[in-house]
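Written below as structure tokens is the structure these notes are about.
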Amino acid sequence: MARRMVGDNQDVYRVVVTQRTRRDNPDWVRGEIRPDNPRFLWDGPEWEQAFGPYNSIGAARGRLTTLTTDIDGSTPPGVTGGRIEKAHTTWEEVQ
């Protein structure tokens, strides 16, 4: 949950990251470090995971960057994309 939610009639944001499911490589051999023989294969079905809400688009963009970019600027294994979604807060009385 956000530390500071926005007030009435304000926008909130969340980050949605699309990933592929990981599975073990059946041909992998322990101790053999080769680019053509990875430990895991990221070829399973895609799924989405949401993070947030954030009270500003800047905070959401920063989180999207950390989730979709490795330290060397490449995309982490299994990540296929990401996006930011916006919602508008409305409040109603609850009985």
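In the working numbering, the protein residues as written are 686 to 780. No residue lacks a Cβ here, since even glycine has one placed at the ideal position from N, Cα and C.
**Q.** Nearest neighbour of residue 727, chosen from 695, 704, 757 [CA to CA]
**A.** Position 42 of the sequence shown, counted from the first residue, corresponds to residue 727. The shortest Cα separation from residue 727 among 695, 704, 757 belongs to 704.
Q) So, are the CB atoms of residue 737 and residue 745 less than 8 Å apart? A) Against the sequence shown, residue 737 aligns to sequence position 52. Against the sequence shown, residue 745 aligns to sequence position 60. The answer is yes: Cβ separation under 8 Å.
Q) Mind checking residue 761: buried by the 16 CB within 10 Å criterion, or exposed? A) Sequence index remark: in the sequence shown, residue 761 carries index 76 (1-based). Label assigned to residue 761: exposed.
Q) In angstroms, rounded to a whole number, what distance separates the CA positions of residue 706 and residue 724? A) The residue given as residue 706 occupies position 21 in the sequence shown. The residue given as residue 724 occupies position 39 in the sequence shown. Computed Cα separation, rounded: 14 Å.
**Q.** Through-space distance from residue 740 to residue 694, alpha-carbon basis
**A.** The sequence position of residue 694 within the sequence shown is 9, counting from 1. The sequence position of residue 740 within the sequence shown is 55, counting from 1. Straight-line Cα distance between these residues: approximately 12 Å.
Q.
Here's the rule I'm using: 16 or more other beta-carbon atoms within 10 Å means buried, otherwise exposed. How should residue 770 be labelled?
A. In the sequence shown, the residue the question calls residue 770 occupies position 85. Taking a 10 Å sphere around the C-beta of residue 770, we find fewer than 16 other C-beta atoms and assign the residue as exposed.
Q.
Can you look up residue 765 in the DSSP assignment and give me helix, strand or coil?
A. Within the sequence shown, numbered from 1, the residue matching residue 765 stands at position 80. Strand, per DSSP.
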